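**Student:** To get my numbering, take the position in the first sequence, counting from 1, and add 76.
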Amino acid sequence: MTDQDQFHPVDRFEVDMLADEAKTKADETTVRLAGRVMLWRKMGGIAFGQLQDRSGERVQFSLRKNDLGAPTFREWAGSIALGDFVGIHGKMWTTDKGEHTVGVDQLTLLNKAMRSMPDKHAGVADPELTYRKRYLDILTNPDSRARFITRSRLISFIRDFLDERGFIEIETPVLQAAASGAAARPFATRHNALDRDFYLRISPETYLKRVVAGGLERVYELGRNFRNEGIDSSHLQEFTMLEWYAAYWDYRDNMVLIRELIQSAVEHVTGQAKVTFGSTELDFGGEWPEIDYRAAVAQHTGIDIRSVRTVDQLKAEIRERGLLLIGDSEPAPGVQPHDAPPSQGEAGMFDGLSYAGLVDMLYKRAVRPSLIQPCFLVHHPVELVPLARRSDDDPTRLDMFQVVVNGWEIVKAYSELVDPIDQRARLEEQAELRAAGDDETMMMEEDFLECMEHGMPPMSGLGLGIDRLAALLTDAPTLKDVVLFPLMRDVPGTAAGDESSGD
RNA sequence: GCCCCCGUAGCCAAAUGGUAAGGCAGCGGACUUUUAAUCCGAAGAUCGUGGGUUCGAUUCCCACCGGGGGCACCA
């Protein structure tokens, strides 16, 4: 485009209606709309276009030579192109085919598109482009657009739900000196002035507990967490999690509240209790079954981890039954057979795992894939979570539950450990594991322990994976489809990260 | 990190060991009630990048880059 014909964008445009409403208006009603030209056809003395706005709907508009006069008609019709933003004013009329149409008497070209729109009926089909150029995806793909609107409604519903029940929303640090609250590898980043590394949080848990100890009693945070792990259809590197904590509650209280929250959220955003996900129908209604963690592992693998208590015993049991070993003739139920030969990575990993790691792997491979309909998985072995409270009637298990749907863990919650002596011992165990090379253990947080020593009320906390829930409710094939701008590798030649300009 | 598949014009999308069909968008023209408007005309691609095999490769082989799916890790 040369300087001569360069278009100058308009500053603002007053709108009095949206496209979905305009379409319902009777003939002769005057309307004033702004939006994007999504379809445009000229035919001699009349031209039709479709304008799309934030209602998500499109309304047809027309320019007529007889109404506008030849010079104006020629100028206006010649200036409009697909993808342009226009402001229109005019009276509604109905075409022979019965379509409600804005007969434009004032046209304001708000801004031009310099690049052409995606194919007008196929839209953006390449998944890579839908992620990298999301603005084109949500502009041309109504399903994708609807997904993000649903996600937004889900999140505001959750906030309202908790606010109504005496919770307050708070914000805790994303930059942390020690990443804790979950078993995961953190991202490290650098603070220049302090000349030291910080970690992006993997969980807000210990900060939220500090706030409850300070007397706010019921708090929640809805925010981003970062985990330095691989990419697949049910994991993201930065993901949105809701965590709440309530003083004087135990995990049973949270089981009641989370079922109520999810059921009412599903009802709110989809209008019903059942959700179709792919070819599966998920029924969130009614009571959800409780599945005992260790009993389920025993049922699916034949190994009773209540009696098998050491790493060596467990490994022996696993070998004996031919579980977990890739390429075996009889893999564990729910474990996909492999075409590939056993890799060194698999064997090495098996050997290096701790007791907790092995137990968890048994569950993940043999049990979890069969948990499709919403259920509570309860009473995990004590080795799995260093911040959870032991059951009073069985100190080898935790007062803990997860909500599993479609084989995805969407909720994890437990009665919190508030005993500073026990907590210190369990974090020291984690520190030893870390010193021995396990980088997914929790880091020691002296300030958190001090907080607990000052006194912490009994409480129960809960974490809900927002991305996963949103994906289930919108039939999204992968979690990337419910994140507007998922992490992608750089396209060669377009990397923008390194050119910091001294700000 | 490993395995499989994919990468053709702004978008969608074929075919082929002899340098690439069509559609949409864009450009020029016709058309006063179209609905993915239609019709006519001209144009647009070093077939992801780099090597190799071959008389000749977009097509076969290798490596790399990017994406998707699966496995692993993990939530």
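Glycine included, every Cβ here is placed at the ideal spot set by N, Cα and C. Just so it is clear, the structure is predicted and the values come from calculations on it, not from any experiment.
Please list the terminal residues of the continuous beta strand (DSSP E) segment that includes A95.
**Tutor:** Segment A95 to A98 is the alpha helix (DSSP H) holding A95; no beta strand (DSSP E) there.
**Student:** Contact between the region 275–283 and the region 335–353: three or more CB pairs below 8 Å?
**Tutor:** As far as the Cβ criterion goes, the region 275–283 does not touch the region 335–353, which means the pair count is below three.
**Student:** Check this for me: beta carbons of A547 and L555, under 7 Å apart or not?
**Tutor:** yes
**Student:** By alpha-carbon positions, which one of M114, Q375, R108 and A255 ends up nearest to N304?
**Tutor:** The shortest Cα separation from N304 among M114, Q375, R108 and A255 belongs to A255.
**Student:** Can you confirm whether the region 372–391 touches the region 477–487 when touching is taken to mean that 3 or more C-beta pairs between the two stretches lie within less than 8 Å?
**Tutor:** no
**Student:** Does DSSP put A511 in a helix, a strand or coil?
**Tutor:** helix
**Student:** Compare the C-alpha of L538 against each of A322, G199, G145 and A372 and name the closest.
**Tutor:** A322
**Student:** Please state the DSSP three-state secondary structure of Q506.
**Tutor:** If DSSP states are grouped into helix, strand and coil, Q506 belongs with the helices.
**Student:** Within its chain, find whatever has a CB closer than 6 Å to the CB of A110; leave out the 5 residues flanking it on each side and keep chain order.
**Tutor:** F89, V91 and G163
**Student:** Let me confirm a value: T265 is counted as buried when at least 16 other C-beta atoms fall within 10 Å, else exposed. Which label applies?
**Tutor:** exposed
**Student:** Could you spell out the range, first to last residue, of the alpha helix (DSSP H) harbouring R134?
**Tutor:** First-last for R134: R134 to R140, but that is the beta strand (DSSP E), not the alpha helix (DSSP H).
**Student:** Taking just the CA atoms, how far does I542 sit from F315?
**Tutor:** Straight through space, the alpha carbons of I542 and F315 are spaced by roughly 8 Å.
**Student:** Which runs of the alpha helix (DSSP H), 4 residues or longer, sit entirely within the region 181–269?
**Tutor:** Segments of the alpha helix (DSSP H) lying fully in the region 181–269: 203–208, 210–216 and 218–239.
**Student:** Helix, strand or coil for A110, going by three-state DSSP, please let me know.
**Tutor:** strand
**Student:** Provide the residue(s) that pair with V461 in DSSP beta bridges, ordered along the chain.
**Tutor:** Its beta-bridge partners do not exist; DSSP assigns none.
**Student:** Here's a check: name, in chain order, each residue in its chain whose Cβ is nearer than 6 Å to the Cβ of I486, leaving out the five neighbours to either side.
**Tutor:** V479, G541, R544 and L545
**Student:** Locate the alpha helix (DSSP H) running through I542, then write down its first and last residues.
**Tutor:** I542 to L549
**Student:** Out of G361, M520, K118 and I278, which one is the CA nearest neighbour of F137?
**Tutor:** K118
**Student:** Tell me the DSSP secondary structure of S131 in three-state form.
**Tutor:** Under the three-state reduction of DSSP, S131 is assigned to coil, being neither helix nor strand.
**Student:** Rounded to the nearest angstrom, what separates F353 and Q182 at their Cα positions?
**Tutor:** 46 Å
**Student:** What residues in its chain sit with their C-beta under 8 Å from that of Q339, if we drop five residues either side in the sequence?
**Tutor:** A349, F360 and G361
**Student:** Leaving aside the five residues before and after R273 along the sequence, list all residues of the same chain whose C-beta is less than 8 Å from its C-beta, in chain order.
**Tutor:** For clarity, residue 273 is Asp in the given sequence; the question names Arg instead. Here the set comprises A264, T265, R266 and H267.
**Student:** I'd like to check one pair, M535 with V288: are the Cβ atoms closer than 7 Å?
**Tutor:** yes
**Student:** State the start and end residues of the unbroken alpha helix (DSSP H) segment that holds H635.
**Tutor:** Outside the shown range of the chain, which is 77 to 579, sits residue 635, and nothing can be said about it.
**Student:** What would DSSP say about T352, mapped onto helix, strand or coil?
**Tutor:** T352 falls in the strand class under three-state DSSP.
**Student:** Look up H176 in the DSSP assignment and give the residues it is bridged to.
**Tutor:** T170
**Student:** Ends of the beta strand (DSSP E) at Y439?
**Tutor:** Taken as a continuous stretch (DSSP letters only), Y439 belongs to no beta strand (DSSP E), as it is neither H nor E.
**Student:** Which whole-angstrom value describes the C-beta separation of V559 and R223, a residue pair presumed to lie in contact below a C-beta threshold of 8 Å?
**Tutor:** Contact flag wrong, Cβ pair sits at about 10 Å.
**Student:** So, A189 versus D160, is the Cβ gap smaller than 7 Å?
**Tutor:** yes
**Student:** Could you give the residue range of the beta strand (DSSP E) that holds N330?
**Tutor:** From DSSP, N330 is part of no beta strand (DSSP E) but of the alpha helix (DSSP H) over Y327 to T346.
**Student:** Would you mind giving the Cβ-Cβ distance between E529 and P496, rounded to the nearest angstrom? I have them listed as a contact below 8 Å.
**Tutor:** About 4 Å separates the two Cβ atoms, so the contact holds.
**Student:** So, with DSSP's three-state summary, where would you put Q126?
**Tutor:** strand
**Student:** Are the CB atoms of P450 and W320 nearer to each other than 7 Å?
**Tutor:** no
**Student:** With DSSP as the reference, label Q389 as helix, strand or coil.
**Tutor:** helix
**Student:** Excluding five sequence neighbours on each side, which residues of the same chain lie with their C-beta closer than 6 Å to the C-beta of D87?
**Tutor:** Closer than 6 Å at the Cβ level, and outside the excluded window around D87, lies no residue.
**Student:** Nearest to L318 by alpha carbon, out of T216, L238 and D308?
**Tutor:** The shortest CA-to-CA distance from L318 to any of T216, L238 and D308 is the one to L238.
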